[in-house]
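Engineer: For the sequence shown, the working numbering assigns the number 17 to the initial residue and increments by one for each residue that follows. Heads up, the beta-carbon is just placed ideally off N, CA and C, and yes, glycines get one too. Please find one structure pasted underneath; my questions will follow.
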Amino acid sequence: MFAPAYLDWNASTPVDPAVREAMLPWLDASFGNASSRHEYGRRARAAIDAARAQVAAAVNAHPTEVIFTSGGSEANNLFLKGAAAMMKPGLVAVSAIEHPCVREPARQLRRLGWVMREVAVDVHGCIDADDWKSTLEARPSLVSVMLANNETGVLQDIGALATQAKAGGAYIHTDAVQALGKIVVDFRALGVNALTLSAHKIGGPLGAGALIVDKRVELAPLVAGGGQERGLRSGTENVAAIVGFGAACEAAVARMSKEQRRLADLRDSLDAVLVAAGATLFSTAPARLPNTCFFGFDGIDGETLVGKLDRAGFACASGSACSSANPEPSHTLLAMGVAPDTARTAVRVSLGRDTTAKQVTEFGGALIRIVDELKNLAAMAA
Ligand SMILES: Cc1ncc(COP(=O)(O)O)c(C=O)c1O
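Here it is, written out as structure tokens:
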């Protein structure tokens, strides 16, 4: 079967072979409900405990701080709605470039009497210092700022933001879904109260993730029932997915330092080709993920370009793949002050562990050819 070159690693990743190996027994003879008292249940419980230790080790947290969820979206909802449920309604502040699974639950809190504020970013996509200052002056109870943006790859200085937010009495959370496995993610060093992870972005299975949370933060569960996950996430645990998540964390962190340089070199070589071809680069902040290229060509619709690239054998994303059902231009680019027409040209290429130099070179060649074709068509139509 023809397999297009996969250049969309920020959307999802293929399961790592070591992860698949670790998961297989749990889809086969080693089944069981981890709450059962018999041998099958005890083995499942031990496997979950081992995975919890692996996830905790990957982010320098304590295993008791790991709450397994169905993924990043649920973990983000659990923090925002769960913490809000235990407080008097107040101000919830999230950055203007958050993933919808942070912005939407924050918006929903309005129904419960909360005020929601979006913290502005500057032209590079970094938190705007003045707006941050005035946000903190308004005394938020809950703050959420992502560690790495899924579209631009831009990193925020979460350590500094956490110190300032906590000094004002807020709980601060960071969505580290796109950061894990690409840069060091250290729960203690970041100093946040809670942090979100997702397995399928790091070579693990779909449908597993975690909220890493300081036990002093009181949370109400989104799913009540049998009391699994310290009562914060009821439901019979998905043992295979949790085991796969643990194995993926270990593998991703082990290969990270070698991969960082290799991916950054590939990314830089692609950036150079793009600039030479006349593209606008949207992600140029000095602190950014090593694997993400976000760009556009004047007058060329991003969706159209991505469709043509797909037919030419290259899978990449327009705007944010996580919300590609939404035809609106990228909210991240709009927040950075990019004009809507320019934002509509956006294409994201994200690289990963199987990406080769050959793929990147061939992608560059195909892109230039397709852009020329589209420009010629536009000139003929004019
Ligand atoms: C930054 C960010 N947060 C959260 C999510 C959602 O994670 P999940 O797909 O595990 O629900 C994604 C990706 O979809 C993401 O890129």
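Which of the three DSSP states, helix, strand or coil, is assigned to aspartate 173?
Structural biologist: Coil, per DSSP.
Engineer: May I ask whether a heavy atom of ligand 1 can be found less than 8 Å away from the beta carbon of histidine 140?
Structural biologist: False, no ligand heavy atom lies under 8 Å from that Cβ.
Engineer: Run through DSSP, which three-state label would alanine 331 get?
Structural biologist: Alanine 331 falls in the strand class under three-state DSSP.
Engineer: Please state the DSSP three-state secondary structure of glutamate 253.
Structural biologist: Coil.
Engineer: Does phenylalanine 311 come out as helix, strand or coil in the three-state DSSP assignment?
Structural biologist: Note: phenylalanine 311 maps to strand in three-state DSSP.
Engineer: My output table needs one value for alanine 19: the three-state DSSP class, helix, strand or coil.
Structural biologist: In the structure shown, alanine 19 sits in coil (DSSP, three-state: anything other than H, G, I, E or B).
Engineer: In chain order, what residues of the same chain lie with their CB nearer than 7 Å to the CB of glycine 323, ignoring the 5 residues before and after it?
Structural biologist: Excluding sequence neighbours, glycine 323 sits near nothing in its chain.
Engineer: For the region 239-257 against the region 181-190, are there 3 or more C-beta pairs whose distance is under 8 Å?
Structural biologist: Contact between the region 239-257 and the region 181-190 is absent, because fewer than three Cβ pairs lie under 8 Å.
Engineer: Pull up the DSSP beta-bridge partners for serine 366, would you.
Structural biologist: Its beta-bridge partners are Asp24 and Thr308.
Engineer: Please go through the same chain and pick out, in chain order, the residues whose beta-carbon is closer than 8 Å to the beta-carbon of alanine 301, but skip the five residues on each side of it.
Structural biologist: So the list reads His140, Gly141, Cys142, Thr168, Val170 and Leu171, once near-sequence residues are dropped.
Engineer: Less than 9 Å between the C-beta atoms of alanine 264 and glycine 223, yes or no?
Structural biologist: Not in contact: alanine 264 and glycine 223 (Cβ atoms no closer than 9 Å).
Engineer: State the Cα-Cα distance for the pair alanine 395 and aspartate 388, rounded to the nearest angstrom.
Structural biologist: Cα to Cα, the separation comes out at about 10 Å.
Engineer: Taking the straight line between their C-alpha atoms, what separation do you get for aspartate 76 and isoleucine 83?
Structural biologist: The sequence shown places asparagine at residue 76, not aspartate. Distance between the alpha carbons of asparagine 76 and isoleucine 83 is about 15 Å.
Engineer: For a test of the three-state rule: what should DSSP assign to leucine 282, helix, strand or coil?
Structural biologist: Helix at leucine 282.
Engineer: With a 10 Å radius around its C-beta and 16 neighbouring C-beta atoms as the bar for buried, classify serine 89 as buried or exposed.
Structural biologist: It is buried - the Cβ of serine 89 has at least 16 other Cβ atoms within 10 Å.
Engineer: Does the region 232-247 come within contact of the region 267-276, defined as at least 3 CB pairs closer than 8 Å?
Structural biologist: The region 232-247 is not in contact with the region 267-276.
Engineer: Quick test of the definition: if touching needs 3 or more C-beta pairs under 8 Å, does the region 145-160 touch the region 102-114?
Structural biologist: Contact holds: three or more Cβ-Cβ distances are below 8 Å.
Engineer: How should phenylalanine 47 be labelled, buried or exposed, when 16 other C-beta atoms within 10 angstroms of its C-beta is the threshold for buried?
Structural biologist: Counting Cβ neighbours within 10 Å, phenylalanine 47 comes out exposed, since fewer than 16 surround it.
Engineer: By how many angstroms is the C-alpha of alanine 45 removed from the C-alpha of glutamine 194?
Structural biologist: Going by the C-alpha atoms only, they are around 34 Å apart.
Engineer: Name, in chain order, the residues that DSSP records as bridge partners for phenylalanine 84.
Structural biologist: Phenylalanine 84 pairs with Ala226.
Engineer: Name the one or two DSSP bridge partners that arginine 134 has.
Structural biologist: Checking the sequence, you will find glutamate at residue 134 rather than arginine. Its beta-bridge partners are Val110.
Engineer: With a cut-off of 8 Å, do at least 3 Cβ pairs link the region 276-292 to the region 126-134?
Structural biologist: The region 276-292 is not in contact with the region 126-134.
Engineer: If you reduce the DSSP assignment to three classes, tell me which class serine 160 lands in.
Structural biologist: Strand, per DSSP.
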